[in-house]
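Numbering of the sequence shown is given in this note's numbering, commencing with residue 359 and proceeding in unit increments. Worksheet: the structure to be examined is printed underneath.
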Amino acid sequence: MYSEEKIKVPRFNEESGFYTTKKRSKVMSKIRGKNTKPELLFRKALWKKGVRYRIDSKKLPGRPDVSIKKYKLAIFIDGEFWHGYNWDERKDKLKTNRGFWIPKIERNMQRDREVNDQLTELGFTIFRFWDHEVKNNLKTCINDVMVYLDMAKPIEQI
Numbered sequence: 359m360y361s362e363e364k365i366k367v368p369r370f371n372e373e374s375g376f377y378t379t380k381k382r383s384k385v386m387s388k389i390r391g392k393n394t395k396p397e398l399l400f401r402k403a404l405w406k407k408g409v410r411y412r413i414d415s416k417k418l419p420g421r422p423d424v425s426i427k428k429y430k431l432a433i434f435i436d437g438e439f440w441h442g443y444n445w446d447e448r449k450d451k452l453k454t455n456r457g458f459w460i461p462k463i464e465r466n467m468q469r470d471r472e473v474n475d476q477l478t479e480l481g482f483t484i485f486r487f488w489d490h491e492v493k494n495n496l497k498t499c500i501n502d503v504m505v506y507l508d509m510a511k512p513i514e515q516i
């Protein structure tokens with residue numbers, strides 16, 4: 359189905375040589391998968407502009423953080439670590455559990471590409487923003503979406 363071979367990620371358990379501590383477990387449990395601060399900032403700003411949307415839509419591949427079906431728009435706000443921001447430089451800096459983290463992050467990046475392909479086939483436009491872009495340049499990110507929405511409006515609404 360996909361041109362790339364699926365990257366195998368080793369299981370993160372003691373049998374695979376990964377030792378988990380209570381402290382590590384507590385730290386990892388605090389990492390959020392949805393409703394992160396950048397997502398909330400982005401959604402609040404979009405709502406203020408009068409844009410109505412769905413969050414984490416299960417009906418769409420990849421469950422976009424924000425989706426607007428009317429305009430066939432899917433928006434993802436990706437964490438730098440989990441989705442491989444500047445990966446070629448950062449991968450060398452990983453010091454612990456490289457055997458787990460490198461395939462894990464590369465598989466996440468591969469899955470992002472697969473999701474983009476699936477959404478594109480469905481006719482969706484995809485925006486992917488990094489956490490730091492939303493935190494540091496929220497206005498620019500929102501403006502990019504608003505420009506797209508203005509261009510995508512049906513002629514009778516103009």
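For each residue, glycine too, the CB sits at the ideal point set by N, CA and C.
{"query": "Going by the CB atoms, is the gap between A432 and I500 shorter than 9 Å?", "result": "no"}
{"query": "Alpha carbon to alpha carbon, what distance is there between K453 and D470?", "result": "25 Å"}
{"query": "Look up S425 in the DSSP assignment and give the residues it is bridged to.", "result": "R412, A432"}
{"query": "Please report the Cβ distance between K430 and F482, rounded to the nearest whole angstrom; I am assuming they are in contact, meaning their Cβ atoms lie under 8 Å.", "result": "5 Å"}
{"query": "For the alpha helix (DSSP H) holding T478, just list the boundary residues, first then last.", "result": "456-479"}
{"query": "Could you tell me whether the Cβ atoms of K451 and I463 are closer together than 9 Å?", "result": "no"}
{"query": "Can you have a look at S383 and say buried or exposed, based on whether 16 or more other CB atoms are within 10 angstroms of its CB?", "result": "exposed"}
{"query": "Since T483 is in the beta strand (DSSP E), which residue starts that stretch and which ends it?", "result": "483-488"}
{"query": "What are the boundary residues of the alpha helix (DSSP H) that includes T379?", "result": "Note, T379: premise wrong, no alpha helix (DSSP H); not H, not E."}
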